[in-house]
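Protein chains in written order, with our numbering: chain H, 1364 to 1775; chain L, 570 to 827; chain F, 692 to 1112. Don't be surprised by glycine CBs; every beta carbon is placed ideally from N, CA and C. Input: a single structure, listed below in structure tokens.
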Amino acid sequence: MFLLKLAFKNLTRHRKRTLITASIIAAAVVIFLAFDSILLGLNEASYKNIINYSTSEMQVVKNEYWENKDNLPLNNLIEEDQEFMNKLSSNSIIEGYSRKLIFQARLNNGIDELPIKAVGVRGDEINRTLDLKSKIIEGEFFLNGEKHAVLGKELADLMNLEYGDYLTLLVRTKEDTFNTIELEIGGLLKTPNPEVNKNNLYLPLNIAQNSLNLNNEFSHLLIKTKNNIEIDRIAAKLENDLKNINQNLKVVPWNDLTAVSVMTAKQGANRMILGIILLLAAIGIINTVILAALERMEEIGMMKAMGMKRSEIIISFVLESTGLAIIGGILGCVFGAAVIFFMHNYGIDFAALYDININEFGIPIVDKIYGAWKITSFFFVFIFSVIVSMISSIFPAYWAANKNPVDAIHHR
Amino acid sequence: MNTNKLTKIDFNMKLITSFSIMIFCLIFFSQNMMAITAEEIINKRDENEYIESARIEAKMIITNSGREMTKEMVSISKGEDAFVEFTNSRDRGTKYLKKGDNLWMFFPDAEDVVKISGHMMNQGMMGSDFSYQDIMESTKMTELYNFELIGEGEYNNRTCYILEATAVEGKEVSYYRRKIWIDKERFIALKEELYAQSGRLLKVSEVKEVDEFEGRYYPVISIMENKLRENTSTEFIVEKIEFNPEIDESIFTLENLQ
Amino acid sequence: MGYLVKLAFKNIFRHKLRTIVSISAIIVAIIVVVFARGLINGMINSTYSDYFHYQSGHVRVINKEYEQKERLLSLNHTVSGFSEEEGLDTMFEEFNNIEGVERVIPRLKFGAIVSTGDELVEMMGWGVDSQKELDFTNLGENIAEGRMVEKGKMEVVMGDSLLQDLNKEVGDKVTIVYNTAFSSLKGATFKIVGKVDSNLKLLDEKLFYLPLSVAQRQLYLDGQTTEILFELKDRNMAGETSNKINALLSNKGVADKYEAINWREGGGIISFFDLAKNIYNVIYIFIVGLASFVVINTLIMIVKERTQEIGMMSSLGLKKSSILKLFIFEGTVMGIIGSFIGAVFGGIITKVLSTVGLDFTQAFEGMGEEIIMSTIIYPEHSISNLIFAFFLGVIIVSLASIIPARRAANLEPTDALRDIE
């Protein structure tokens, strides 16, 4: 108790030193948190690319379908029946669902043909899981049964098509028979997901089903959940829930897919940079403690002379350093939180600084980079600085405490 | 007294009536005997056009978005098997072998044979409008389609039966519906319209020239036009054809391919 | 003045422990700065260079219509020279003569398949001029086995993952099938003479190299190619050089057919990297700032410790300005020693890692193949980096010592002497 008081007194006594050291720790903490937040923000944004425009958080498919999924087959589809739909609506995990039928098609503009992915969806449902409607830059999304198509502007430009033009989709039905689907371009999209912009064409689900000779069948059920932490566990639970429906279904969380963007790829290097920042913070702490110990040699000698045990001296030093780290850590966390708050809500506007089409490569920065909140980072960096301080102060404290009182006092 | 006269008139009446009836019946029945069914028309056409076995030397002129390419080939076929060798300078030495449901290709610069499968089968052969799948089709049309005689018409100054063929439910065919003009006299399909299930006209095949070979008619110049793409068509010209020639079975082997 | 310097040195070596601790802090800070900069630069440069080598060059000339059809690997819109008389070779010559152009590299890209019996493996072929590829890119270093293809021969070089998919090895033969410019399917057998292990997905999994002339012949594209890349003497001149190339194209009357695109315009990841580079530079400055902070803190504490001493010197008649200079010198000397040692050690660490590389393959697992980014990062080792860090350290430490030095100089002798801290 007395030691604690002593440590506390020491800290308040040398206010300037305390503040400076604490500031170093705080600065390192802030930089760490900011950088971490930006990286996380970019990661999240790139994941959002997939979740919001392509697969939603989870997809339900038939087991056999998934094995062959790259060929976009028309067999092993999910049959829709009332019981199934009811079960879905009442399931607690599912916040929203929508049906999707994806198939190969050739986009024909009368002169050229381009192989694309055609996606049949319901206009009234799609909002529950994907954010496509808000990315329409011209026209609007179709209603059920409307003979309209929605595609990326990039794709339309490639085929010299504009809003309002007619296009033909050449497809093969379930029996491999040629069929055509004539559609008017009802909307043009520009999403942050380049895959979607370049390869996908959306049309009403029932029109797709009719043209392919499919009866109320679809390939994927997109699922949006109420919370999306631990998506693997939730997916497994949902799969279990759906076992009773007896259609041999499989629930695939979004991160099961290999569509990963560049930001994720750079995690390794980024971790290294974070490590560097932490290292510097550690240096600052160690450095401070050692110098402080050196500076207070006399004091230590005095304390010894007054009868304090060696261990008590060490403890008091360690407590002091810990106190420093706590102060610095708290300061850093508070400032860090302020910085992240700003970045999260207002974002850093890079588009204003750079005239580039970042979306080219799946970097989902439409106009701003948003910071992300990760509470664990706060805990991590705080605990890290406290531990480093504690450890780094032990050695110099030990060394100082061992000095002969007389030598110590005469240190200068 | 008057019975004699009456009987004579009666007799004459009966004679005329029965005679009329007879003639009427004759005409009536002969009309029926002359009326031909869709099935029969198609069968007669198959007698001409369906090849049991043949050796054909042909030329294919492929026009794709304005660009023109010419291929020349020799093909030997028997039943479900076929062997094709290209003879034009650019493709010389390229060979195809179809055996049942399998397709192999051989190229002069290659040291082994390549098997074609999966989605490649749906691609146009040599860039033409005939896919490998189309070429592979050796099943008779009557097994795949239901035919209906919908009328008569004229094509190129020839009177034709017009047939409509609709795919048999569940059968795997490329074109859902076909409208066929069959020459009444020669039983050759002079024009064929190929439709998608949606009703959209996908391709039109027209025969420009028909020749006779040993009592059998065969189309020697035909053009397939892709109606979904401008300036895209394939012309198929038969330069020489030999029906049911002597064919050595060993032709339809992979060894022969190399 | 000289006397002050001597005094500075004496002071430094007098309090060995204190000095050692301070210098150590500087050393570590400088090492970190050297390494961080090496890592960041290494990462950025390698991505840039991979991008230049395998995608955009510094400038790229293509047929205008090709840009849109590129994803189909169309062979219908090629570069074939200025005219009938002035063909591809003439084009190369004229391009080479443009100021600033170091090298002209043609590539013929096309789609191809190999049938492994049960499945068809899709891949992309690049018809290239072997010598130019080896000179321009780091392909030579990446050929793990065998050699590059020789002109005119029916040989290919494939990536290690691709070879695995095909179940083949260097020395085996492989039959490759492709669509020619005349839409005929054509196949040929090639000998696999080399294996590429580059840590670039594109090269390892999708691509195979063959001689340009062979590709042209097989595809019926004699005298044609799908693109021409330019290596410039200075890549920052790409904008001007591409203008010059466009001007030449205009003069020859083919400006409506071909266009030159410089690497900045190409889109794709490179523009993102411009952005990333700046983010990293900011981070880097923060790191330097943090290191300086440490140093300043150290110096401040040193001054505080020597308050009495300062008071003594003051009362002995040492002028304020001299005290100021004294402390600054002390700081500078420590800075020089610390920065030097730090730079040396930092250089050693970076040099070692620059040859070994940091393997991030795990983190890059799911990345797409079109993204040209190496999975192993080599920190950049350069003397200029070391010199930069050295001077940075010295300057910052010197500047940092001004603060405490001023404080020391402004102490009232009486206060100082009385201060028994």
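Exposure label - residue i; buried when at least 16 CB within 10 Å
i: L:E775; result: buried
i: L:Y714; result: buried
i: F:D820; result: buried
i: L:P677; result: exposed
i: H:N1722; result: With a pLDDT of 45 at H:N1722, under the threshold of 50, the predicted position of this residue should be treated as unreliable, though the coordinate-derived value follows. Burial call: buried.
i: H:G1686; result: buried
i: F:N736; result: exposed
i: L:I590; result: exposed
i: H:N1373; result: buried
i: F:I796; result: buried
i: F:K707; result: exposed
i: H:A1715; result: For H:A1715, the pLDDT reaches just 45, beneath the cut-off of 50, and the residue's location in the model is therefore unreliable, although a value from the coordinates is still provided. Answer is exposed; the Cβ neighbour count stays below 16.
Cβ neighbours of residue i in the same chain (closer than 8 Å, five flanking residues each side left out)
i: L:I559; result: Residue 559 of chain L cannot be examined here, being either before or after the span of chain L that is shown, 570 to 827.
i: L:Y745; result: T735, A736, Y764, A765, Q766
i: H:L1432; result: Inspection of the sequence shows that residue 1432 of chain H is occupied by Lys rather than by Leu. So the qualifying residues of the chain are V1424.
i: H:C1696; result: V1392, L1396, F1741, V1744, F1745
Cβ-Cβ distance between residue i and residue j below 7 Å
i: L:E815; j: L:S802; result: no
i: L:M638; j: F:F773; result: no
i: H:V1482; j: H:I1465; result: yes
i: H:I1474; j: L:E799; result: yes
i: F:G980; j: F:V725; result: no
i: H:G1486; j: H:L1506; result: yes
i: H:F1395; j: H:I1746; result: no
i: H:N1471; j: H:L1533; result: yes
i: L:V682; j: L:Y665; result: no
i: F:G914; j: F:G733; result: no
i: H:L1437; j: H:K1537; result: yes
i: H:S1461; j: H:R1491; result: yes
i: L:N612; j: L:R785; result: no
i: F:N833; j: F:S889; result: yes
i: L:I625; j: L:V779; result: no
i: F:P1070; j: F:T1046; result: no
Close-in-space but distant-in-sequence residues of the same chain around residue i (CB under 7 Å, 5 per side omitted)
i: F:V1085; result: T1023, G1026, I1027, S1030
i: F:N972; result: none
i: F:E1112; result: Here F:E1112 scores only 45 on pLDDT, less than 50, and its place in the model should not be relied on; the value that follows carries that caveat. Closer than 7 Å at Cβ, skipping near neighbours: K995, T998.
i: F:N702; result: E1021
Listed by chain order, chain F residues near residue i by CB distance under 7 Å
i: L:R659; result: F873, S875, Y911
i: H:L1642; result: V723
Own chain residues within Cβ distance below 6 Å of residue i, not counting five before or after
i: H:M1421; result: I1586, A1598, V1614, P1616
i: H:V1625; result: In this prediction, H:V1625 has a pLDDT of 42, which is less than 50 and means its spatial position is unreliable; what the coordinates show is noted afterwards. None.
i: L:K777; result: I790
i: H:T1588; result: E1420, I1456, E1458, I1597
i: F:A1096; result: L1015, F1018, I1019
i: F:D826; result: none
i: F:I665; result: Residue 665 of chain F lies beyond the range of chain F shown here (692 to 1112); nothing can be said about it.
i: H:T1418; result: W1617
Proximal chain L residues relative to residue i, where beta-carbon distance stays under 8 Å
i: F:T917; result: Here the premise fails: no neighbours, minimum Cβ distance about 17 Å.
i: F:T880; result: D678, A679, E680, D681
i: H:G1473; result: L797, R798, E799
Interface residues of chain F facing residue i [CB-CB closer than 8 Å]
i: L:M674; result: V868, L876, G878
i: L:K684; result: S806, G808
i: L:I631; result: S874
CB-CB length for residue i against residue j, believed under 8 Å
i: H:A1688; j: H:S1748; result: 5 Å
i: F:L912; j: F:L799; result: 7 Å
Beta-carbon neighbours of residue i, restricted to chain F and to distances below 9 Å
i: L:N612; result: Neighbours of L:N612 on chain F: none; closest Cβ ~36 Å, over 9 Å.
Neighbouring residues, chain H, relative to residue i (Cβ below 8 Å)
i: L:S767; result: N1542, T1543, I1544, E1545, S1574
Partner residues on chain L for residue i, Cβ-Cβ distance less than 7 Å
i: F:K760; result: None at all; the shortest Cβ gap to chain L is about 12 Å.
Partners in chain L for residue i, counting only beta-carbon separations shorter than 9 Å
i: H:D1539; result: N691, Q702, E741, V742, S743
Neighbouring residues, chain A, relative to residue i (Cβ below 7 Å)
i: H:L1533; result: Any reference to chain A falls outside this structure, whose protein chains are H, L and F.
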